[in-house]
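One structure is given below, encoded as structure tokens.
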Amino acid sequence: TIKDSLFLKSLLPIVDTAIEALKERKTTITSFNDVSNLIEDNKKVFSFAKKINLELYNLTHNISYLENTINLHESALYNRIRARLNANPNISFSGIPKHIATREKTLLQALKNKDTNVDSITTNTYKWHTFLDTLKTQYPKYYKMRYAIIEKPINKLYHKIPENTTVIRYLFIDENLYAFVLSSKEKSLIKLNSDNLEDSILKLSKNQFNIENTSTKLFKLYQELWQPIKNKITTDKVIIIPDGYLFNLSFESLTPTKISTFKDLATNSLLAKHNISYNYSLLLIGNKKVINYDKDFIAFAPEFNAKMKKDYSITITDSISIDKTYLSLLPQPFSVDLAKEYSKYFNGNYFINENASKQVFKNEANEHKIIHIGTHAESNNITPELSRLIFAKTNKNQDNSLYTYEIYNESLNSNLAILTACETGKPTYQAGEGMISLAHAFNYAGSESILTSLWKIDEKSSAKIVELFFENIKKGMSKDVALKNAKLSYIAKAKGRIISPEYWAGLVLIGDTTPITLNSSLNLLYWVIIICIVLVILVISLRTKRK
15 TIKDSLFLKS LLPIVDTAIE ALKERKTTIT SFNDVSNLIE DNKKVFSFAK KINLELYNLT
75 HNISYLENTI NLHESALYNR IRARLNANPN ISFSGIPKHI ATREKTLLQA LKNKDTNVDS
135 ITTNTYKWHT FLDTLKTQYP KYYKMRYAII EKPINKLYHK IPENTTVIRY LFIDENLYAF
195 VLSSKEKSLI KLNSDNLEDS ILKLSKNQFN IENTSTKLFK LYQELWQPIK NKITTDKVII
255 IPDGYLFNLS FESLTPTKIS TFKDLATNSL LAKHNISYNY SLLLIGNKKV INYDKDFIAF
315 APEFNAKMKK DYSITITDSI SIDKTYLSLL PQPFSVDLAK EYSKYFNGNY FINENASKQV
375 FKNEANEHKI IHIGTHAESN NITPELSRLI FAKTNKNQDN SLYTYEIYNE SLNSNLAILT
435 ACETGKPTYQ AGEGMISLAH AFNYAGSESI LTSLWKIDEK SSAKIVELFF ENIKKGMSKD
495 VALKNAKLSY IAKAKGRIIS PEYWAGLVLI GDTTPITLNS SLNLLYWVII ICIVLVILVI
555 SLRTKRK
């Protein structure tokens with residue numbers, strides 16, 4: 015009951031030992047139940063460690079304890095992802111040679127063997143740590159993503175925060191919600207009221223058409239999540255890193271006062287005040303790796319029209335083998351139109367209908383500034399690595415699902431991946447794990463940022479917003495500003511029920527926000543310059559002839 019700083023400090027080595035034990039257990043998990051138990055144990059131990067460091071910070075005001083608290087939170091996130099990856103026997107990773115992957119599996123299997131004697135365990139452990147040293151040297155990206163110990167990144171983060179940017183890291187500690195506000199001038203941890211917060215977000219997600227109910231909820235969520243930290247945020251750009259069920263909330267739609275119509279969101283909302291983007295970890299802030307790819311644009315849009323489904327059905331002779339889910343997918347004509355129009359606009363390429371297969375995507379998508387994927391998707395919050403993108407199929411043997419765990423083995427290098435995917439359903443309303451894992455996978459595969467949806471979103475509305483977004487990108491706007499202005503333009507022109515936040519607020523940008531320098535934009539500039547030069551020469555020659 016009496017917890018002074020000496021007592022709390024004495025607990026830290028014990029908790030550190032527990033965390034080390036959990037790290038060792040990661041290499042021996044063999045089943046889904048083991049993964050679930052490990053994640054739950056991680057949650058308990060890391061939560062306790064965060065609680066101790068937070069209480070030490072409150073007692074001593076030593077910033078290092080606050081940094082330890084945040085660092086533990088980020089480590090726990092990565093440990094959840096890693097635990098699931100380690101348990102999946104089918105997962106592969108791009109850039110890792112076959113002999114390295116085989117060696118890794120052999121050593122892990124030896125560590126999992128419970129029948130070996132003490133000498134064998136010692137030998138196998140030594141071989142494993144030697145192998146990790148090899149990975150660290152020769153394959154640092156893979157080592158960092160899957161095995162590296164995450165130590166105190168926060169104190170190295172301050173100078174990486176972009177100018178005119180505030181980072182808000184929401185985090186739950188011992189069932190309490192906090193906001194860690196970080197900028198070049200600010201480092202603050204503020205406790206927030208989270209009573210009935212999850213219920214409010216759940217109800218908001220179910221019905222946003224009733225203006226009175228929605229207005230009340232948006233204002234209430236603003237008061238709980240933004241008002242306490244408002245004075246700490248003095249920048250236009252804001253990067254939000256949610257936690258848990260906050261991943262299911264579009265912060266842009268929150269309002270400082272109650273609105274009377276949805277049109278008011280254009281002037282009375284966080285969307286109107288800030289340029290907001292998202293991320294899933296503080297470790298990714300300021301990690302600029304922007305690459306100028308040669309090709310501007312590529313699009314994939316299996317429309318799932320009646321002809322595609324009929325052609326597929328004809329190839330199936332056994333009704334038991336037919337994919338009824340595939341046949342029930344709603345057609346997506348607006349996605350096809352978008353792919354065709356902007357492939358021409360950006361001087362790119364597109365694959366639609368039967369040509370938008372999983373294999374074509376894997377072969378063609380890599381190394382474009384923009385990869386556009388207009389398809390159906392399924393977000394799985396229970397088993398996030400099984401979230402999937404759905405492509406075209408022409409027969410029963412064709413694999414048309416690209417799962418999250420498969421994306422790690424793809425090269426999807428791009429400045430921006432756009433997933434205008436209409437979700438076919440979430441198995442449960444949980445902590446946004448599917449979204450975290452999908453972003454993590456695309457980031458590892460080489461995509462610097464992702465434009466994706468938080469919930470099932472109307473295809474026509476999302477296509478219109480993406481169209482406006484592309485126009486803004488073409489003008490040279492940063493990605494966050496381009497999306498903000500696209501949403502504001504959409505709100506200004508939309509009428510009726512489609513002006514509700516349900517139709518536009520779910521599209522969010524995760525990751526890097528820097529502008530995309532398009533070759534087609536440069537080509538247009540060159541043509542403008544050439545035309546101007548020609549006009550000047552003509553004017554000069556005409557004047558000379560007159561003289």
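Numbering (the numbering used here), first residue to last: 15 to 561. We put the CB at the ideal spot given by N, CA and C, even for glycine.
What is the rounded straight-line gap between the Cα of residue 291 and the Cα of residue 469?
Residue numbering aside, residue 291 sits at position 277 when the sequence shown is read from its first letter. Residue numbering aside, residue 469 sits at position 455 when the sequence shown is read from its first letter. Each residue's Cα considered, the two are about 16 Å apart.
Under 8 Å between the Cβ atoms of residue 530 and residue 465?
Within the sequence shown, numbered from 1, the residue matching residue 530 stands at position 516. Within the sequence shown, numbered from 1, the residue matching residue 465 stands at position 451. No, they are not a contact pair.
Take residue 267 as the anchor and find which of 127, 505, 135 has the nearest alpha-carbon.
By one-based count along the sequence shown, residue 267 stands at place 253. The candidate whose alpha carbon is nearest that of residue 267 is 505.
So, for residue 357: in the same chain, excluding its five sequence neighbours on each side, which residues have a beta-carbon less than 8 Å away from its beta-carbon?
The residue given as residue 357 occupies position 343 in the sequence shown. 311, 312, 313, 363, 364.
Could you please give the first and the last residue of the uninterrupted beta strand (DSSP E) stretch that includes residue 201?
The sequence position of residue 201 within the sequence shown is 187, counting from 1. That run of the beta strand (DSSP E) goes 201-206.
Helix, strand or coil, according to DSSP, for residue 92 in the structure here?
Against the sequence shown, residue 92 aligns to sequence position 78. Helix.
Between which residues of its own chain and residue 306 is the CB-CB distance below 7 Å, once the five residues before and five after are set aside?
Looking up residue 306 in the sequence shown gives position 292. For residue 306, where only same-chain residues beyond five positions count, the Cβ hits under 7 Å are 531.
On the CB-based measure, 16 or more other CB atoms within 10 Å of its CB, does residue 173 come out buried or exposed?
Position 159 of the sequence shown, counting from 1, holds the residue named residue 173. Residue 173 should be labelled exposed.
Within 10 Å of its beta-carbon, does residue 192 have 16 or more other beta-carbons around it, so buried, or fewer, so exposed?
As a working note, residue 192 is residue 178 in the sequence shown. Counting Cβ neighbours within 10 Å, residue 192 comes out buried, since at least 16 surround it.
Using 8 Å as the cut-off, can you tell me whether the segment 513-520 makes contact with the segment 550-561, which would need three or more C-beta pairs spanning the two stretches below that distance?
No: the two stretches stay apart, fewer than three of their Cβ pairs being nearer than 8 Å.
Counting Cβ pairs closer than 8 Å, one from the segment 22-33 and one from the segment 58-77, do we hit at least three?
Contact between the segment 22-33 and the segment 58-77 is present, with at least three C-beta pairs closer than 8 Å.
Mapping the DSSP letters down to three states, classify residue 21 as helix, strand or coil.
Numbered from its first residue, the sequence shown carries residue 21 at position 7. Helix, per DSSP.
For a quick check, are the C-beta atoms of residue 513 and residue 276 less than 8 Å apart?
Position 499 of the sequence shown, counting from 1, holds the residue named residue 513. Position 262 of the sequence shown, counting from 1, holds the residue named residue 276. Taking 8 Å as the Cβ cut-off, residue 513 and residue 276 qualify as a contacting pair.
Could you compute how far the alpha carbon of residue 255 sits from the alpha carbon of residue 481?
Within the sequence shown, the letter at position 241 stands for residue 255. Within the sequence shown, the letter at position 467 stands for residue 481. The straight-line gap from Cα to Cα measures roughly 26 Å.
Please determine, among 246, 78, 409, the residue with the shortest C-alpha to C-alpha distance to residue 333.
Taking the first residue of the sequence shown as position 1, residue 333 is located at position 319. Closest option to residue 333, Cα to Cα, is 409.
Which class does residue 546 belong to by DSSP, given the choice of helix, strand or coil?
Here residue 546 corresponds to residue number 532 of the sequence shown, with the count starting at 1. Here residue 546 sits in helix by DSSP.
So is residue 440 buried or exposed if we call it buried at 16+ other beta carbons inside 10 Å?
Counting from 1 along the sequence shown, the entry for residue 440 is found at position 426. Confidence at residue 440 is low in this model, with a pLDDT of 48, below 50, so its placement is unreliable and the value that follows should be read with caution. Classification of residue 440: buried, given that the 10 Å Cβ count is 16 or more.
Please identify the residue among 478, 259, 525 whose C-alpha is closest to the C-alpha of residue 502.
Translated into the one-based positions of the sequence shown, residue 502 becomes position 488. Considering only alpha carbons, the answer is 478.
To the nearest angstrom, report how far apart residue 389 and residue 109 are at their CA atoms.
As a working note, residue 389 is residue 375 in the sequence shown. As a working note, residue 109 is residue 95 in the sequence shown. About 27 Å.
So, at 8 Å on beta carbons, what are the nonlocal neighbours of residue 91 in its own chain, with the 5 sequence-adjacent residues on each side left out?
Locating residue 91 in the sequence shown gives position 77, where the first residue counts as 1. When the five nearest sequence neighbours on each side are left out, the beta carbons in the same chain lying within less than 8 Å of the beta carbon of residue 91 are those of 294, 295, 450, in order along the chain.
Taking residue 430 as part of the alpha helix (DSSP H), name the residues at either end of that continuous run.
To locate residue 430, count along the sequence shown from 1; it is residue 416. Careful: residue 430 lies outside any alpha helix (DSSP H), inside the beta strand (DSSP E) at 428-433.
Are at least three pairs of beta-carbons, each pair with one atom in the segment 246-254 and one in the segment 173-189, less than 8 Å apart?
yes
Give the secondary structure of residue 75 by DSSP, where H, G and I count as helix, E and B as strand, and everything else as coil.
Position 61 of the sequence shown, counted from the first residue, corresponds to residue 75. Of the three classes helix, strand and coil, the one that applies to residue 75 here is coil, per DSSP.
Tell me which residues share the same chain as residue 341 and place their Cβ nearer than 8 Å to its Cβ, disregarding the 5 neighbours each side in the sequence.
As a working mapping, residue 341 is identified with position 327 in the sequence shown. These residues qualify, in order along the chain: 323, 326, 327.
For residue 368 versus residue 345, is the C-beta spacing smaller than 8 Å?
Indexing the sequence shown from 1 puts residue 368 at position 354. Indexing the sequence shown from 1 puts residue 345 at position 331. No, the pair does not count as a contact, with Cβ atoms beyond the cut-off.
Please classify residue 268: does DSSP put it in a helix, a strand, or coil?
Residue 268 sits at position 254 when you count from the first residue of the sequence shown. Of the three classes helix, strand and coil, the one that applies to residue 268 here is coil, per DSSP.
Drop a sphere of 10 angstroms on the beta-carbon of residue 116, count the other beta-carbons inside from all chains shown, and report buried for 16 or more, exposed for fewer.
As a working mapping, residue 116 is identified with position 102 in the sequence shown. Label assigned to residue 116: exposed.
What do you reckon, are the CB atoms on residue 420 and residue 309 nearer than 8 Å?
Position 406 of the sequence shown, counted from the start, is the residue given in the question as residue 420. Position 295 of the sequence shown, counted from the start, is the residue given in the question as residue 309. Not in contact: residue 420 and residue 309 (Cβ atoms no closer than 8 Å).
If I measure Cβ to Cβ from residue 105 and keep anything under 7 Å in the same chain, skipping five residues before and after, which residues do I get?
The residue labelled residue 105 in the question sits at position 91 within the sequence shown. The residues are 99, 419, 422.
Distance check for residue 300 and residue 564, CA to CA, integer angstroms please.
Only positions 15 to 561 of the chain appear in the structure, and residue 564 is not among them; the question remains open.
Based on DSSP bridge pairs, tell me the residues matched to residue 525.
As a working mapping, residue 525 is identified with position 511 in the sequence shown. Its beta-bridge partners are 463.
Please name the residue, chosen from 453, 260, 135, that lies closest to residue 185 on a Cα-to-Cα basis.
Within the sequence shown, numbered from 1, the residue matching residue 185 stands at position 171. Selected option, being the one with the closest Cα: 260.
Closer than 8 Å is the cut-off here; do at least three beta carbon pairs connect the segment 277-290 with the segment 203-213?
no
Compute the beta-carbon to beta-carbon distance between residue 493 and residue 527, rounded to the nearest angstrom, for a pair I have assumed lies under 8 Å.
Here residue 493 is taken as the residue at index 479 of the sequence shown, counted from 1. Here residue 527 is taken as the residue at index 513 of the sequence shown, counted from 1. Rounded, the Cβ-Cβ distance is 5 Å, consistent with contact.
Compute the distance between the beta-carbons of residue 428 and residue 383, then report whether it is under 8 Å.
Position 414 of the sequence shown holds residue 428. Position 369 of the sequence shown holds residue 383. With contacts defined as CB atoms closer than 8 Å, residue 428 and residue 383 qualify as a contacting pair.
Determine whether the beta carbon atoms of residue 145 and residue 121 lie at a separation below 8 Å.
In the sequence shown, the residue the question calls residue 145 occupies position 131. In the sequence shown, the residue the question calls residue 121 occupies position 107. Their beta carbons are under 8 Å apart, which means residue 145 touches residue 121 by this criterion.
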